[in-house]
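Numbering (the numbering used here) for the sequence shown: 8 to 265. Yeah, the Cβ is synthetic: ideal placement off N, Cα and C, and Gly gets one too. Remember, predicted model here, so these are calculated numbers, not experimental data. Below is one structure, written out as structure tokens; comments come after it.
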Amino acid sequence: MIHIHTQTLGTGSPIVLIHGWGMHSGIWLDFAQQLAAQHQVILVDLPGHGHSPALTPFTLDNIIDSLAETLPDKPCCWLGWSLGATVAMAFVRRYPARASALILLAGNPCFLQQADWPGIRPVVLESFADKLQADAHGTLLRFLSIQVMALPNAKSLGKTLKTAVLACPAPSTETLQGGLAILKDSDLRADLAAINAPILVLLGKNDSLIPAALQAPLKQLLPAADIQVLEQAAHTPFLSHPAELLTAINAFMDQHRC
């Protein structure tokens, strides 16, 4: 099993941050430093991303195994963004004793749209996978622009996101395709509903990837969860609205004494 790269900031109650598809932990380092004023923040590079060695095959089960081997065997709050939310859900479901809380940031337990569930249309994800195979670098850059396109300062945020992401070599095409396969094939709604830890869900009203319409069905699935929509945010609130995000996370952590 590979050893995943991590970086720890601050002291206090631990929060594990899991980044999204094609990214690495450096993208939210500024936000993590603010969060570390009150908590111990553990930044993780998923296998094949940032400074972590590649994992073959790049499957959800293998990722969870690698995280379990690398990270502290103690209760932590797991905060997953986008694909990282899928990873966090799966980890907390398998290792409930290692989770004090779960925070889903712009995440969806069932990424693909279903008849009764908001999500991304399957044809869109399939087209994205085809374009990735033909031009991985160009497709990754287009994906970065999609994440901030609905925001008034999209140009500057896109530049910030691109600079941060390109600070490390891009994941291999195989790893990127593996991440898309996880999003395509994972339906963790039943797993999420079975989690007993406190749950906070944060959605962006202007998010073009994870629809804010998830709020209603998620509330039915998780009646005890704290589900909030950030009115001005899109897919990257840690870049566009860090103060609002920090307030929500700290209030949740304080409420549940995590």
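Pick from P218, C83, Q41 that is closest to A104, judged by C-alpha positions:
C83
Inter-residue CB distance, I70 and P60 (contact presumed, cutoff 8 Å)
Their Cβ separation, rounded to whole angstroms, is 13 Å, which puts I70 and P60 out of contact at 8 Å.
Please return the same chain residues whose Cβ sits closer than 6 Å to the Cβ of P129, not counting the five positions on each side in sequence.
L119
Hey, could you find the ends of the alpha helix (DSSP H) Q186 is sitting in?
Per the sequence presented here, residue 186 reads as Gly, with Gln not at that position. Where G186 is concerned, the enclosing alpha helix (DSSP H) stretches over 180–192.
Once DSSP output is grouped into helix, strand and coil, what is the label at W88?
strand
Tell me which same chain residues have a C-beta within less than 6 Å of the C-beta of S20, skipping the five on either side of it?
H46, C265
At what residues does the beta strand (DSSP E) containing A201 begin and finish?
Run containing A201: none; DSSP gives neither H nor E here.
Member of H12, W28, T180, F259 whose CA lies at the smallest distance from the CA of L139
T180
Just confirm the distance between the C-beta atoms of A240 and G211, as a whole number of angstroms; I'd bet it's less than 8 Å.
4 Å
Is the beta carbon of Q235 less than 8 Å from the beta carbon of L195?
no
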